[in-house]
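Heads up: the sequence lines are chains A and B, in that order.
All letters in the first sequence, in the order written, are residues 1 to 466 by full-length UniProt numbering.
All letters in the second sequence, in the order written, are residues 1 to 466 by full-length UniProt numbering.
These notes are about the structure you will find just below.
2 protein chains.
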Amino acid sequence: MQPGTRIEKVMASIRQRIAARNLVPGARLPSVRALAKAMQVSTSTVVEAYDRLVADGTIGSRPGSGFFVAGPLAPLSLADIEPRLDRAVDPLWVSRQALDEASVLAKPGCGWLPASWMPEEALRRAMRGLARADTALLTDYASPMGLLQLRQLLSRRLAEHGVQAGAGQIMLTDSGTQAIDLLCRFLLQPGDAVIVDDPCYFNFHALLRAHRVRVIGVPYTPTGPDLPLFEQASKEHQPRLYITNSAIHNPTSARLSAVTAHRLLMLAEQAGLTIIEDDIFADFETQAAPRLAAFDGLNRVVQIGSFSKTLSASVRCGFIAAPLAWVEALTDLKIATAFGGAHFSAALVLSLLTDGSYRKHVEALRLRLAAVMPQAAARLKSIGCVPWIEPQAGMFLWCRLPDGVDAGDVARRALAQQVVLAPGNVFSSSQNASSFMRFNVSQMGSPQTMTVLEDALREAADHRLP
Amino acid sequence: MQPGTRIEKVMASIRQRIAARNLVPGARLPSVRALAKAMQVSTSTVVEAYDRLVADGTIGSRPGSGFFVAGPLAPLSLADIEPRLDRAVDPLWVSRQALDEASVLAKPGCGWLPASWMPEEALRRAMRGLARADTALLTDYASPMGLLQLRQLLSRRLAEHGVQAGAGQIMLTDSGTQAIDLLCRFLLQPGDAVIVDDPCYFNFHALLRAHRVRVIGVPYTPTGPDLPLFEQASKEHQPRLYITNSAIHNPTSARLSAVTAHRLLMLAEQAGLTIIEDDIFADFETQAAPRLAAFDGLNRVVQIGSFSKTLSASVRCGFIAAPLAWVEALTDLKIATAFGGAHFSAALVLSLLTDGSYRKHVEALRLRLAAVMPQAAARLKSIGCVPWIEPQAGMFLWCRLPDGVDAGDVARRALAQQVVLAPGNVFSSSQNASSFMRFNVSQMGSPQTMTVLEDALREAADHRLP
């Protein structure tokens with residue numbers, strides 16, 4: 001008999017006794033020596049069999065006191081398995097539904113590309129490469145600011161958008177969201193006022209709520225925030241901070257104009273407020289939009305980015321490019337609240353950015369999005385959903401629904417059919433966007449999705465208020 | 001000529017022109033077609049050469065406008081390269097020095113094992129395995145609570161320490177520190193009082209400072225917190241929270257006794273306070289210590305853990321086991337402040353925990369630590385550093401220095417010789433531990449380290465106050 005077969009025989013025998021309740025949860029298993037004797041195998045065979053049973057969770061071990069039968073799994077909470085139909089449509093509604101493990105039919109409401117659009121082969125290659133990396137890279141904490149080579153590369157990449165930031169001004173984080181969170185911790189006190197766009201990325205609302213600050217929405221136009229209203233809000237609320245996306249605005253896909261950028265920075269100067277420019281969609285751009293951080297020279301604008309949208313959302317890596325004087329304190333805050341950064345993720349991103357395939361990959365993404373965007377727009381128009389603008393790039397279509405139809409109602413109906421949508425009000429601090437919906441054109445390929453959407457729209461229209 | 005050689009020839013030619021300043025930073029490169037013609041190579045050769053030059057940062061590309069020479073690197077800040085000798089010895093002092101990229105001689109002050117002690121081969125194997133995983137795992141966000149299989153495994157592992165937590169009560173985080181941070185966000189308001197041990201893990205101070213709360217230190221004894229003083233502090237300050245390590249206390253290596261655990265939980269009940277039990281050293285234990293979470297049944301105790309100390313600090317993965325009623329809100333907070341968790345890291349940890357080698361690995365670690373602990377203790381005693389207790393497990397020796405010698409002074413002198421130490425007061429809210437030092441016995445192998453320490457002790461003794 002092969003050693004492997006002997007090991008399996010021992011494992012099968014233990015499993016049998018557990019199944020027959022001869023060994024109950026918590027019961028101690030026979031000692032290695034005793035079982036080896038009883039089954040006429042070597043002790044190393046039993047040790048290996050026990051190890052494998054420990055590994056698959058059938059049995060447990062306590063240091064110094066041998067092996068015992070593992071308890072039955074405690075039941076999962078239902079919230080863990082099912083999409084939550086009853087949850088209020090709050091800023092976290094879309095995130096929670098879209099991130100959930102439950103296999104849904106489609107997620108036109110999510111903010112990322114399908115897995116099949118990501119650079120799968122390059123990721124696998126980079127991982128095989130890292131499996132051969134230095135031990136320290138595999139096991140040690142990252143340095144406080146993060147992998148130097150990646151920060152140097154980011155410095156060059158930012159320069160391509162006109163943002164001058166030395167590697168000493170760039171700190172790596174585990175995500176774009178963590179980057180904004182650290183900046184909020186650094187800049188805000190509870191009760192401070194913060195301006196956001198109305199509509200804006202819904203997680204800004206959730207994040208700012210966690211910081212216990214007052215959120216002031218300023219309407220967004222196709223070329224940036226409405227400046228007279230921005231000025232009025234600045235005077236009225238004395239905000240400390242403004243958070244925005246300049247290049248490809250989420251959810252509207254609008255694009256800041258140079259003249260708005262310039263005037264906005266003058267208003268910020270007058271009001272003494274800081275601006276966080278969230279530039280995570282930078283690489284989807286087809287024509288370079290003005291960057292606040294480029295105009296301002298990282299003086300009162302701080303820029304954040306990540307690679308979740310173009311490389312992998314599973315490998316977490318973001319960054320902050322900040323005024324040099326802030327870096328020390330931001331690094332302290334990162335260590336205090338997350339200790340080291342993700343060394344391994346940073347190395348993986350570095351490898352993916354330098355293996356020569358990244359530029360081709362994002363070019364292909366841009367072409368693919370440019371191809372599906374007009375198709376999706378046409379299909380949506382045909383069922384009465386009218387795009388607010390014609391986006392120049394990116395994945396989002398911000399659409400007005402047919403008159404009187406409530407987007408939250410449509411989203412709840414679609415979720416019951418396993419389709420996750422992003423109703424307008426999750427993006428809106430004024431709750432004035434109930435007739436809007438954000439569609440991710442990369443997630444609308446299946447005809448079934450359109451059918452669910454059409455049905456949900458019709459049902460919601462039947463129930464609209466007179 | 002091989003295609004590879006032709007590509008390199010094109011790359012060399014561009015580099016030469018840049019070096020000779022024929023192409024200056026910002027200048028546009030020849031078009032692909034023009035250069036191919038001029039160098040008598042195919043256009044695909046030039047495209048590949050340009051791609052590689054983009055990848056290594058020599059040139060940049062702008063969508064739609066071709067290639068250009070990259071700018072020179074902005075200078076690093078000095079803080080980025082050198083250990084900061086002038087930095088005040090505050091709670092973040094040790095973290096910053098120990099995490100720094102600068103190659104130091106030794107880090108007896110750090111809180112982790114040397115890279116060479118980590119399961120390098122298993123890590124490489126797990127990574128190669130993941131390079132073959134499902135696309136979704138490589139590219140998608142994690143589910144809100146994190147990888148279900150890992151949470152199920154953690155549920156079983158916790159049961160081995162008597163902690164009953166279903167997978168639905170366990171939420172994955174990116175680190176043990178993030179786990180505590182999220183709990184603080186959930187439980188605390190600025191101005192609240194929080195009890196910590198005196199001494200305690202220095203990062204608790206840094207983290208709590210970021211939450212703007214009042215920190216109350218209660219002296220730690222070899223069997224747990226000093227209960228009469230704990231009771232007094234509870235009455236006087238009405239704390240909301242107590243943060244501690246039960247099993248292998250950091251920095252003292254003390255171990256909570258069952259009687260102290262029981263009385264402590266009664267005091268917590270009376271005072272209505274929550275306890276965070278940080279159990280990240282669990283797998284170093286040789287004899288099972290009582291767990292507060294086990295006695296309490298995850299009612300007012302919440303437990304956190306991670307794998308940074310036993311598997312890899314580069315692959316970030318921690319968790320929270322909490323009362324079921326808290327899980328929904330904690331998950332919302334995690335999404336608001338970090339969006340998805342590290343899907344990839346969780347999968348890597350799951351693979352390492354289930355491949356059968358983990359138990360052997362941690363057993364080997366325990367044996368190795370048990371072997372070096374008495375050696376380090378003897379050497380430290382021989383130079384006048386006396387262990388406070390004889391630890392039963394783990395990596396820390398908490399030592400009293402020779403009379404009148406200031407640990408901060410010794411640490412600064414050692415740092416000038418590239419040795420990072422952990423002076424007592426970084427652990428102490430009362431600043432009463434200036435004559436103590438925490439030594440990590442796994443990081444003291446080199447005779448040179450002992451020489452630096454001995455010299456620093458002697459110099460500090462010469463300068464002690466009369």
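Glycine is no exception: its CB is placed at the ideal position from the N, C-alpha and C atoms.
Small disclaimer: the values here were computed from a predicted structure and weren't measured.
Next on the checklist: In whole angstroms, give me the CA-to-CA distance for residue 47/B and residue 127/A.
Outcome noted: As a first step, residue 47/B is located in the second sequence; it is residue number 47 there, counting from the start. As a first step, residue 127/A is located in the first sequence; it is residue number 127 there, counting from the start. C-alpha separation (whole angstroms): 25 Å.
Item to check | Counterpart residues of residue 195/B in DSSP-defined beta bridges | outcome: Numbered from its first residue, the second sequence carries residue 195/B at position 195. The partner list for residue 195/B (beta bridge, DSSP) reads 216/B, 242/B.
Checklist entry - Where residue 287/B and residue 94/A are concerned, what is the direct C-alpha to C-alpha distance, given to the nearest angstrom? => result Here residue 287/B is taken as the residue at index 287 of the second sequence, counted from 1. Here residue 94/A is taken as the residue at index 94 of the first sequence, counted from 1. Cα-Cα distance, rounded: 46 Å.
Next on the checklist: If you follow the alpha helix (DSSP H) that residue 266/A is in, where does it begin and where does it stop?
Outcome noted: Here the question's residue 266/A lines up with position 266 in the first sequence. Counting along the chain, the alpha helix (DSSP H) containing residue 266/A begins and ends at 258 to 271.
Checklist entry - Under the rule that 16 or more other beta-carbon atoms within 10 Å means buried, what is residue 211/A, buried or exposed? => result In the first sequence, residue 211/A corresponds to position 211, counting from 1. Buried: at least 16 other Cβ atoms inside 10 Å.
Next on the checklist: Within a Cβ cutoff of 7 Å, which residues of the same chain sit near residue 536/B, ignoring the five residues on either side of it in sequence?
Outcome noted: Outside the modelled stretch of chain B, which goes from 1 to 466, sits residue 536/B, for which no answer is possible.
Checklist entry - Would you say residue 356/B faces chain A, with C-beta separation under 7 Å as the test? => result Sequence index remark: in the second sequence, residue 356/B carries index 356 (1-based). At least one chain A Cβ lies under 7 Å of residue 356/B.
Checklist entry - Under a three-way DSSP split, which group does residue 299/B fall into? => result Here residue 299/B is taken as the residue at index 299 of the second sequence, counted from 1. Coil at residue 299/B, not helix or strand.
Next on the checklist: So within the stretch 286 to 374 of chain A, which uninterrupted alpha helix (DSSP H) runs reach at least 4 residues, ignoring any that extend past its ends?
Outcome noted: 292 to 296, 324 to 338, 343 to 354
Next on the checklist: Just to confirm, is the Cβ distance from residue 306/B to residue 176/B under 7 Å?
Outcome noted: Working through the second sequence from its first residue, we reach residue 306/B at position 306. Working through the second sequence from its first residue, we reach residue 176/B at position 176. With respect to residue 176/B, residue 306/B sits close: the two C-beta atoms are nearer than 7 Å.
Checklist entry - Does DSSP classify residue 420/B as helix, strand or coil? => result Position 420 of the second sequence, counted from the first residue, corresponds to residue 420/B. Coil, per DSSP.
Checklist entry - For the stretch 170 to 201 of chain B, which residues have a CB atom closer than 7 Å to at least one CB atom of chain A, in sequence order? => result 174, 175, 177, 178, 181, 185, 190
Checklist entry - Checking contacts by CB at 7 Å: is residue 120/A closer than that to chain B? => result The residue you call residue 120/A lines up with position 120 of the first sequence. So, interface residue.
Next on the checklist: Judging by CA-CA distance, which residue of 299/B, 39/B, 240/B, 201/B is the nearest neighbour of residue 253/B?
Outcome noted: To locate residue 253/B, count along the second sequence from 1; it is residue 253. Of the candidates 299/B, 39/B, 240/B, 201/B, the one whose C-alpha sits nearest the C-alpha of residue 253/B is 201/B.
Next on the checklist: Which residues does DSSP list as the beta-bridge partners of residue 173/A?
Outcome noted: Against the first sequence, residue 173/A aligns to sequence position 173. DSSP links residue 173/A through a beta bridge to 318/A.
Checklist entry - So which of 132/A, 111/A, 241/A has the shortest CA-CA distance to residue 124/B? => result By 1-based counting over the second sequence, the position of residue 124/B is 124. For the set 132/A, 111/A, 241/A, the Cα lying nearest the Cα of residue 124/B is the one of 132/A.
Checklist entry - Checking contacts by CB at 7 Å: is residue 60/A closer than that to chain B? => result Mapped onto the first sequence, residue 60/A falls at position 60. Yes, contact with chain B.
Next on the checklist: Threshold first: 3 residues or longer. Then list the beta strand (DSSP E) segments lying entirely within the UniProt domain "HTH gntR-type" (4 to 72) of chain A, N to C.
Outcome noted: You should have 59 to 62, 66 to 69.
Checklist entry - Which word fits residue 443/B, buried or exposed, when buried means at least 16 other C-beta atoms lie within 10 angstroms of its C-beta? => result The count along the second sequence starts at 1 and reaches residue 443/B at position 443. Counting Cβ neighbours within 10 Å, residue 443/B comes out buried, since at least 16 surround it.
Checklist entry - If we cut at 7 Å on Cβ distances, does residue 207/A have a partner in chain B? => result In the first sequence, residue 207/A corresponds to position 207, counting from 1. It does; some Cβ of chain B falls within 7 Å.
Next on the checklist: For chain B, check one thing: does any of its Cβ atoms lie closer than 7 Å to the Cβ of residue 108/A?
Outcome noted: Looking up residue 108/A in the first sequence gives position 108. For residue 108/A, the answer is no, since every Cβ of chain B falls outside 7 Å of its Cβ.
Next on the checklist: Please list the terminal residues of the continuous beta strand (DSSP E) segment that includes residue 438/B.
Outcome noted: Here the question's residue 438/B lines up with position 438 in the second sequence. It spans 436 to 440 - the beta strand (DSSP E) in which residue 438/B sits, taken as one unbroken run.
Checklist entry - Looking at the unbroken alpha helix (DSSP H) that takes in residue 284/B, where does it start and where does it end? => result If you number the second sequence from 1, residue 284/B lands on position 284. Per DSSP, residue 284/B belongs to no alpha helix (DSSP H) and is neither H nor E.
Next on the checklist: What would DSSP say about residue 400/A, mapped onto helix, strand or coil?
Outcome noted: Position 400 of the first sequence, counted from the first residue, corresponds to residue 400/A. It is a strand residue.
Checklist entry - Measuring CA to CA, which of 264/A, 391/A, 396/A, 385/A is closest to residue 407/A? => result Counting from 1 along the first sequence, the entry for residue 407/A is found at position 407. Comparing Cα positions, the closest option is 385/A.
Checklist entry - Relative to the alpha-carbon of residue 55/A, which residue among 277/B, 39/B, 355/B has its alpha-carbon at the smallest distance? => result As a position in the first sequence, residue 55/A is number 55, starting the count at 1. Answer by Cα proximity: 355/B.
Checklist entry - Which value, in whole angstroms, describes the spacing of the CA atoms of residue 79/B and residue 7/A? => result By one-based count along the second sequence, residue 79/B stands at place 79. By one-based count along the first sequence, residue 7/A stands at place 7. Caution is warranted here: a pLDDT of 36 is assigned to residue 79/B, below 50, making its placement in the model unreliable, and the coordinate value is therefore given only provisionally. Computed Cα separation, rounded: 56 Å.
Next on the checklist: If you reduce the DSSP assignment to three classes, tell me which class residue 84/A lands in.
Outcome noted: The residue you call residue 84/A lines up with position 84 of the first sequence. Caution is warranted here: a pLDDT of 46 is assigned to residue 84/A, below 50, making its placement in the model unreliable, and the coordinate value is therefore given only provisionally. Under the three-state reduction of DSSP, residue 84/A is assigned to coil, being neither helix nor strand.
Item to check | the ligand GTP heavy atom lying under 6 Å from the CB of residue 143/A | outcome: In the structure shown, the ligand GTP is absent, as is every other ligand, since no ligand is present at all.
Item to check | Cutoff 7 Å: residue 11/B Cβ touching any chain A Cβ | outcome: Numbered from its first residue, the second sequence carries residue 11/B at position 11. Judged by the 7 Å Cβ criterion, residue 11/B is not in contact with chain A.
Checklist entry - Taking 7 Å as the CB-CB limit, is residue 127/B close to chain A? => result To locate residue 127/B, count along the second sequence from 1; it is residue 127. So yes, residue 127/B belongs to the interface.
Checklist entry - Can the beta-carbon of residue 334/B be found less than 7 Å from the beta-carbon of residue 112/B? => result Your numbering for residue 334/B matches position 334 in the second sequence. Your numbering for residue 112/B matches position 112 in the second sequence. Going by C-beta atoms, residue 334/B is not nearer than 7 Å to residue 112/B.
Checklist entry - What did DSSP end up calling residue 276/B once you bin it into helix, strand or coil? => result Translated into positions along the second sequence, residue 276/B becomes position 276. The three-state secondary structure of residue 276/B, taken from DSSP, is strand.
Checklist entry - With a CB to CB cut of under 6 Å and the five nearest residues on each side skipped, what residues in its chain are close to residue 428/A? => result Walking along the first sequence from the start, residue 428/A turns up at place 428. Cβ within range, chain order: 198, 199.
Checklist entry - Just how far apart, CA to CA, sit residue 72/A and residue 359/B? => result Start at 1 with the first residue of the first sequence, and residue 72/A comes out as number 72. Start at 1 with the first residue of the second sequence, and residue 359/B comes out as number 359. Any answer about residue 72/A is weak, because its pLDDT of 48 lies below 50 and its placement is not dependable; what the coordinates show is given next. Looking at the two C-alpha atoms, the distance is approximately 21 Å.
Next on the checklist: When you compare the CB of residue 156/B with every CB in chain A, is at least one pair closer than 7 Å?
Outcome noted: Sequence index remark: in the second sequence, residue 156/B carries index 156 (1-based). Cβ-Cβ to chain A under 7 Å: yes for residue 156/B.
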